[in-house]
Structure formats: structure tokens, C-alpha cells
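Number of protein chains: 2
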Amino acid sequence: MKKISMQLEKANLKKTKHRLLILKILAETNDFLSADDLFIRAKQSDTKISLSTVYRILDSFAEKKIVSTLNIDNSKQVYYEMAHQEHAHHLICLDCQSVIHIKDCPIHDYQSQLSKTYNFQVKRHSLEFYGYCSKCQKSKKNQ
Amino acid sequence: MKKISMQLEKANLKKTKHRLLILKILAETNDFLSADDLFIRAKQSDTKISLSTVYRILDSFAEKKIVSTLNIDNSKQVYYEMAHQEHAHHLICLDCQSVIHIKDCPIHDYQSQLSKTYNFQVKRHSLEFYGYCSKCQKSKKNQ
DNA sequence: GTGTTTAATGCTAACCATTTGCATTTAGAC
DNA sequence: GTCTAAATGCAAATGGTTAGCATTAAACAC
Ligand SMILES: [Mn+2]
Ligand SMILES: [Mn+2]
Ligand SMILES: [Zn+2]
Ligand SMILES: [Zn+2]
């Protein structure tokens with residue numbers, strides 16, 4: 001995967017095997033992952049990685065905007081995904097944690113309107129939808 | 144404040160002095176408060192309250208929908224406010240933590256449209272705006 | 001390739017918001 | 001007033017995350 005190591009180059013981060021591995025796992029995964037999820041998956045390829053390394057890698061990735069973070073619902077852990085090119089939002093299944101990525105944003109106009117009304121300089125917003133994916137809706141009916 | 148003790152009655156919670164006090168502080172405050180914020184304020188009226196009591200009270204309030212919770216940005220602590228009658232959103236100042244409460248929701252139609260498009264049963268959403276309030280915009284210019 | 005420099009890593013202990021166990025107190029019902 | 005279950009205080013435990021420090025490895029010059 002040339003593309004993956006390119007990202008580190010562009011971000012001015014050393015290409016270590018652990019960084020490449022975490023990046024690969026993130027690239028292969030559609031859903032949000034916690035640091036521990038990533039640690040467990042990484043150990044399957046490389047038994048000699050430590051959890052603090054995973055945290056430090058994720059911190060460096062977040063700083064360089066390679067990943068973006070999310071607090072799923074009110075859980076106390078942080079979840080990570082590969083950052084999107086464009087601003088995006090998510091439908092998150094409360095049952096299976098699967099994620100649908102929504103590439104458009106319905107509130108740009110609303111946001112600039114808010115800015116004027118309240119003289120508040122909006123820097124960013126969070127918008128996430130929680131509910132049940134089609135798969136989980138079905139299995140709930142059957143139980 | 145009759146209104147306050149009414150809320151406990153309706154929720155079927157015992158009217159203890161600590162619960163009434165926490166409720167009073169929440170009612171007087173416009174912004175979100177952490178458990179520790181509430182603990183500090185409560186101690187000013189009642190030196191004999193413990194932090195775990197504050198947590199337990201907040202848990203009971205959250206369960207009865209007397210308060211609603213928020214994870215401000217990516218901080219690891221939970222913030223609480225008196226729950227709104229109707230669904231609401233917020234403008235949160237990244238500098239002074241002040242909050243503007245927005246009583247309308249711009250995405251109801253969008254949400255039902257999403258539901259159909261993705262066959263995803265949306266149960267709730269979070270929408271919060273982060274930026275700088277008018278006061279903090281000014282003080283940044285002056286510095 | 002070797003050597004040098006500096007950032008990355010592993011391991012362990014610390015941190016800090018939150019939760020829990022348990023003995024004691026108190027609200028609400030009688 | 002008595003009684004009972006729920007609420008509380010205190011201390012210890014939990015769990016995700018961060019920090020300290022000695023060791024290793026990328027990147028770069030030669
Ligand atoms: Mn996404
Ligand atoms: Mn509010
Ligand atoms: Zn699902
Ligand atoms: Zn402000």
C-alpha cells in the first residue's frame with residue numbers, strides 16, 4: 001500500500017512499522033474503533049506492540065488530521081476513524097456499532113444564519129445520528 | 144421554590160436536601176456543569192455533601208430525564224444541564240464555556256429522509272456548535 | 001555499509017473522572 | 001413514635017488514558 005505510507009510522508013511522521021500497521025487497520029475498517037480495539041487487532045499481526053504506543057500513534061494521527069475522533073454516545077472512551085476528505089456525519093447503530101458515513105452536511109446555511117443571529121463565531125459542529133441499522137432492526141423483530 | 148420539589152415528586156424520587164440543592168443549582172445556571180462543578184457549588188451551601196452523592200443524584204436525574212448530559216468536545220468528563228422541555232441544541236464557547244440554547248431543530252425533515260434512504264431507524268441525534276461567543280471574540284481581538 | 005541524532009517504543013506507575021462496597025443515616029409510610 | 005427501603009459518606013476500586021524513563025530504531029550524513 002503506497003497510499004498509506006504516503007500519508008505519513010505528507011504529515012512529516014516517521015514511517016515506523018507500528019504506524020503503518022495502525023494506519024492499515026484503520027484503512028480496512030468502516031466503523032469507529034477504540035484504542036483498545038486497535039491494540040487487539042494490531043497484536044494479531046505484530047505481537048510486540050504496546051497499548052501506550054497505540055495511544056501515542058493515535059495522538060500523532062489526530063494532530064495531523066489523519067484520524068478523526070468521536071465520543072460514541074456518552075461512553076467514556078474515544079473512538080477513531082480515518083479522517084474524511086470532506087466534512088461528514090454518521091449514522092451509528094446502537095446495537096452493533098456499525099457506521100454509515102454521510103458525506104453531505106445539511107446545516108451549512110443554518111450555521112451561518114446562527115452565526116449572524118447570535119453573533120457567535122462557529123468553528124465547527126458535531127452531528128451524529130443514533131439508532132438501529134437495517135440488520136439490527138430485523139433481528140430485534142425476530143427475538 | 145415549589146417548582147423544584149415538584150420535579151422530584153413527579154419523578155418519584157425522595158425529596159432529600161441534597162437532591163433539592165443540586166436541582167436548585169442546575170435551575171440557576173445557564174451553562175453546562177460537571178459533577179465536580181456541582182460538588183463545589185453545593186459545598187458552599189452545604190458543607191456535608193460528598194462527591195459520590197453528587198454522582199448518584201445526577202445518575203438518578205439522568206434516568207428520570209430531569210437533566211441531560213453532554214460530552215463537551217473531546218474532554219473525558221460529562222457535563223450536565225437541566226433538561227429542556229423540547230428537543231434543543233447548543234452553541235458552546237470554546238473559550239469561556241458559555242452556552243446559548245437553541246430551541247429549534249433544523250434537521251427533522253433531513254432525519255426522516257435519511258431514515259428512508261438508508262433504512263436506518265434513527266432514535267436520536269446530537270448537534271452542537273463550537274466556537275466563540277461575542278464576548279470572547281472581542282477579548283481575543285484586544286489581546 | 002557505519003556512526004550519529006533524535007524520535008518512537010515498551011514497560012510500569014501515575015492520573016483522574018467515575019463507580020462500588022459497606023456501614024450509617026434518613027425520607028416516607030404506617 | 002416505629003419500620004423499611006432508599007440515600008448518603010467514606011474509602012477503596014475501576015478503567016481509559018497519560019507520563020517517566022531506559023531502550024531501540026528511523027532518518028540522515030558520511
Ligand atoms: Mn466517517
Ligand atoms: Mn440547553
Ligand atoms: Zn446494527
Ligand atoms: Zn465565550
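Residue numbers (this note's numbering), protein chains in the order written: chain A, 1 to 143; chain B, 144 to 286. Here a beta-carbon is modelled for each residue, glycine too, at the ideal position from N, C-alpha and C. Computed from a predicted model, the values in this text were never measured in an experiment.
| Item | Value |
| --- | --- |
| Going by beta-carbon coordinates alone, are residue 203/B and residue 224/B separated by less than 9 Å? | no |
| Of all residues in the structure, which have a C-beta closer than 6 Å to any heavy atom of ligand 1, taken in chain order? | 81/A, 84/A, 88/A, 90/A and 101/A |
| In chain A, what lies closer than 7 Å to residue 276/B by C-beta? | 120 |
| With a cut-off of 8 Å on the beta carbons, I'd call residue 213/B and residue 197/B a contact; round off their distance for me. | 17 Å between Cβ atoms; not a contact. |
| Cβ atoms of residue 102/A and residue 125/A: under 9 Å apart, would you say? | no |
| Using a beta-carbon distance cut-off of less than 8 Å, what residues from the segment 71-90 of chain A approach chain B? | 71, 74, 76 and 78 |
| Runs of 3 residues minimum, wholly inside the segment 78-116 of chain A: which ones carry the beta strand (DSSP E) assignment? | 79-82, 89-93 and 99-102 |
| Could you pull out every residue in the same chain whose Cβ sits closer than 7 Å to the Cβ of residue 42/A, ignoring the five residues on either side in sequence? | 21, 22, 25, 49 and 54 |
| What residues in the segment 93-108 of chain A have a beta carbon less than 9 Å from any beta carbon of chain B? | 93, 94, 100, 102, 106 and 107 |
| Quick one: does the C-beta of residue 79/A sit closer than 8 Å to a heavy atom of ligand 3? | no |
| Can you list every residue whose CB sits closer than 7 Å to some heavy atom of ligand 4, going in chain order? | 236/B, 238/B, 239/B, 241/B, 275/B, 276/B, 278/B and 279/B |
| So, using beta-carbon positions, are residue 147/B and residue 178/B closer together than 9 Å? | no |
| Can you tell me whether residue 227/B is buried or exposed? The criterion is at least 16 other CB atoms within 10 Å of its CB, across all chains shown. | exposed |
| Interface residues of chain A around residue 207/B at Cβ under 8 Å? | The premise fails here: residue 207/B is roughly 16 Å from chain A at the closest Cβ pair, so nothing lies under 8 Å. |
| Considering residue 201/B, what are the terminal residues of the beta strand (DSSP E) in which it resides? | Segment 194-206 is the alpha helix (DSSP H) holding residue 201/B; no beta strand (DSSP E) there. |
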